[in-house]
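Following: one structure in structure tokens, then a few remarks.
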Amino acid sequence: MRQATYEIIDFHPSLTSMKEEVSFGLSQTQKVLPPKLFYDKKGSHLFNEITKLPEYYLTTAEKQILSRHRQDLALKMGEHCTIIDFGCGNEEKVQLLFGALSNITAYVPVDISTAALEQTLKEMRISFPDLSIKGVRADYGVSMSFLDHFQNAKRVFTFFGSTLGNFSLKEQEDFLQKAASHMREGDGFLLGIDLKKDKQVLEAAYNDSEGITESFNKNVLRRMNKELAMNFDLSKFEHVAFYNEEAGRIEMHLVSNTVQQVSLDNDTFTFRKNETIHTENSYKFSVDQGVNLLKKAGLTTDMICEDENNQFCMLYAVQ
Numbered sequence: 000m001r002q003a004t005y006e007i008i009d010f011h012p013s014l015t016s017m018k019e020e021v022s023f024g025l026s027q028t029q030k031v032l033p034p035k036l037f038y039d040k041k042g043s044h045l046f047n048e049i050t051k052l053p054e055y056y057l058t059t060a061e062k063q064i065l066s067r068h069r070q071d072l073a074l075k076m077g078e079h080c081t082i083i084d085f086g087c088g089n090e091e092k093v094q095l096l097f098g099a100l101s102n103i104t105a106y107v108p109v110d111i112s113t114a115a116l117e118q119t120l121k122e123m124r125i126s127f128p129d130l131s132i133k134g135v136r137a138d139y140g141v142s143m144s145f146l147d148h149f150q151n152a153k154r155v156f157t158f159f160g161s162t163l164g165n166f167s168l169k170e171q172e173d174f175l176q177k178a179a180s181h182m183r184e185g186d187g188f189l190l191g192i193d194l195k196k197d198k199q200v201l202e203a204a205y206n207d208s209e210g211i212t213e214s215f216n217k218n219v220l221r222r223m224n225k226e227l228a229m230n231f232d233l234s235k236f237e238h239v240a241f242y243n244e245e246a247g248r249i250e251m252h253l254v255s256n257t258v259q260q261v262s263l264d265n266d267t268f269t270f271r272k273n274e275t276i277h278t279e280n281s282y283k284f285s286v287d288q289g290v291n292l293l294k295k296a297g298l299t300t301d302m303i304c305e306d307e308n309n310q311f312c313m314l315y316a317v318q
């Protein structure tokens, strides 16, 4: 048996320091933090637990789609393709897809976090010992020049978990247009989107009965205390998540339940009672919105797959 090959190719993404991002975000009229700050080791573990919750239908629905439609998707993708996976933590979904694909050339997860890449490479090597695996450390939200490194086979880009919904509306368009600009004839794009649905179902997914999402949201405060020596009192903030119907998105906030001040080095940030830190958006889509986003990027939707409850959708598009 051929020994698996894997490596991490580092494209040295330009990183704004956590301190700079926090200072900038907490200085805004609507205080805001980038959601990537959720994902230290503890945050990644908490999110993994969220995906197992009964209220959090997204992961179950997406896996169901892959289980039911993987043969048809495999026919669209064809043989001898390189899978370029935007983001890490998709091992179970990738394994479902790989069960139907023939003669995969390589698997290429892309992430800004070296630790996340190493974990993914380790797990994928165990599952696919003969597969060529190359991790890419890059910020795909900024540049996709790394895609030019993989020119020797047909490529299928995968973007699981409705991660697209965490981008702003402009970022969604920019991301898809950048990806499409690097696609050649024959390449494909498999995109997951969370569909608009009953408000109660949506809000329950982000307000679970076990309080794991609350811990996940507050983890950003723990992380700032630990890594930036800040002095957030977690008991003085409440987790709030609600569906903004006009904007078509779930919003997550941390609400200050009292007047308080928090310091970062020589800077002090004052919170009014009930003032919030906006920590995440998760946009929801109609199928038509997803198709139109891809079309605007110059891609044609070739296959539409939904789960049995019409909660989640996967779109396969081509150049």
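Here the sequence shown is numbered in numbering that gives the first Met the number 0, starting from 0 and rising by one per residue.
Virtual Cβ for every residue (Gly too), placed ideally from N, Cα, C.
Leaving out five residues before and five after residue i in sequence, what residues of the same chain have Cβ atoms less than 8 Å from its Cβ?
{"i": "residue 155", "result": "76, 80, 81, 82, 83, 186, 187, 188, 189"}
{"i": "residue 162", "result": "85, 86, 191"}
{"i": "residue 262", "result": "229, 230, 268"}
{"i": "residue 66", "result": "95"}
{"i": "residue 170", "result": "140"}
Just the C-alpha distance for residue i and residue j, rounded to the nearest angstrom, thanks.
{"i": "residue 98", "j": "residue 53", "result": "26 Å"}
{"i": "residue 91", "j": "residue 47", "result": "12 Å"}
{"i": "residue 284", "j": "residue 195", "result": "5 Å"}
{"i": "residue 232", "j": "residue 8", "result": "40 Å"}
{"i": "residue 247", "j": "residue 128", "result": "42 Å"}
{"i": "residue 125", "j": "residue 72", "result": "24 Å"}
{"i": "residue 294", "j": "residue 300", "result": "8 Å"}
{"i": "residue 264", "j": "residue 43", "result": "27 Å"}
{"i": "residue 58", "j": "residue 50", "result": "6 Å"}
{"i": "residue 123", "j": "residue 235", "result": "41 Å"}
{"i": "residue 26", "j": "residue 153", "result": "46 Å"}
{"i": "residue 212", "j": "residue 31", "result": "18 Å"}
{"i": "residue 40", "j": "residue 105", "result": "27 Å"}
{"i": "residue 286", "j": "residue 269", "result": "42 Å"}
{"i": "residue 184", "j": "residue 298", "result": "11 Å"}
{"i": "residue 113", "j": "residue 193", "result": "28 Å"}
{"i": "residue 302", "j": "residue 172", "result": "20 Å"}
{"i": "residue 137", "j": "residue 309", "result": "33 Å"}
{"i": "residue 144", "j": "residue 150", "result": "12 Å"}
{"i": "residue 70", "j": "residue 313", "result": "14 Å"}
{"i": "residue 107", "j": "residue 64", "result": "22 Å"}
{"i": "residue 60", "j": "residue 168", "result": "24 Å"}
{"i": "residue 29", "j": "residue 131", "result": "46 Å"}
Can you tell which of the options has the C-alpha that lies nearest to the C-alpha of residue i?
{"i": "residue 237", "options": "313, 223, 272, 26", "result": "272"}
{"i": "residue 215", "options": "15, 126, 36", "result": "36"}
{"i": "residue 224", "options": "56, 21, 157, 205", "result": "21"}
{"i": "residue 120", "options": "65, 263, 5, 208", "result": "5"}
{"i": "residue 89", "options": "208, 116, 150", "result": "116"}
{"i": "residue 307", "options": "62, 26, 28", "result": "62"}
{"i": "residue 275", "options": "207, 38, 239, 106", "result": "239"}
{"i": "residue 157", "options": "96, 19, 184", "result": "96"}
{"i": "residue 245", "options": "259, 282, 221, 253", "result": "282"}
{"i": "residue 207", "options": "15, 56, 29, 64", "result": "56"}
{"i": "residue 317", "options": "255, 210, 182", "result": "182"}
{"i": "residue 102", "options": "112, 78, 150, 45", "result": "78"}
{"i": "residue 14", "options": "60, 70, 38, 111", "result": "111"}
{"i": "residue 222", "options": "118, 38, 130", "result": "38"}
When we look at the beta-carbon of residue i and count the other beta-carbons within 10 Å, is it buried (16 or more) or exposed?
{"i": "residue 11", "result": "exposed"}
{"i": "residue 311", "result": "buried"}
{"i": "residue 279", "result": "buried"}
{"i": "residue 218", "result": "buried"}
{"i": "residue 133", "result": "buried"}
{"i": "residue 0", "result": "Reliability fails at residue 0, whose pLDDT of 43 lies under 50, so the model's placement of it is uncertain and the value that follows must be treated cautiously. Flag for residue 0 reads exposed."}
{"i": "residue 290", "result": "buried"}
{"i": "residue 255", "result": "buried"}
{"i": "residue 258", "result": "exposed"}
{"i": "residue 45", "result": "buried"}
{"i": "residue 160", "result": "buried"}
{"i": "residue 292", "result": "buried"}
{"i": "residue 253", "result": "buried"}
{"i": "residue 220", "result": "buried"}
To which residues of the same chain is residue i closer than 6 Å at the C-beta, ignoring the five residues directly before and after it?
{"i": "residue 68", "result": "304"}
{"i": "residue 242", "result": "198, 201, 202, 249"}
{"i": "residue 24", "result": "31, 32"}
{"i": "residue 296", "result": "175, 176, 179"}
{"i": "residue 100", "result": "73"}
{"i": "residue 118", "result": "none"}
Here's a check: name, in chain order, each residue in its chain whose Cβ is nearer than 7 Å to the Cβ of residue i, leaving out the five neighbours to either side.
{"i": "residue 266", "result": "22"}
{"i": "residue 34", "result": "165, 278, 279"}
Since I believe residue j is in contact with residue i (beta carbons under 8 Å), could you give me their beta-carbon distance rounded to a whole number of angstroms?
{"i": "residue 135", "j": "residue 109", "result": "4 Å"}
{"i": "residue 227", "j": "residue 17", "result": "7 Å"}
{"i": "residue 315", "j": "residue 251", "result": "So it is not a contact: roughly 30 Å between Cβ atoms."}
Just checking residue i against the ligand GTP - is the residue's beta carbon closer than 6 Å to any of the ligand's heavy atoms?
{"i": "residue 82", "result": "Ligands displayed in this structure: none; no statement on the ligand GTP is therefore possible."}
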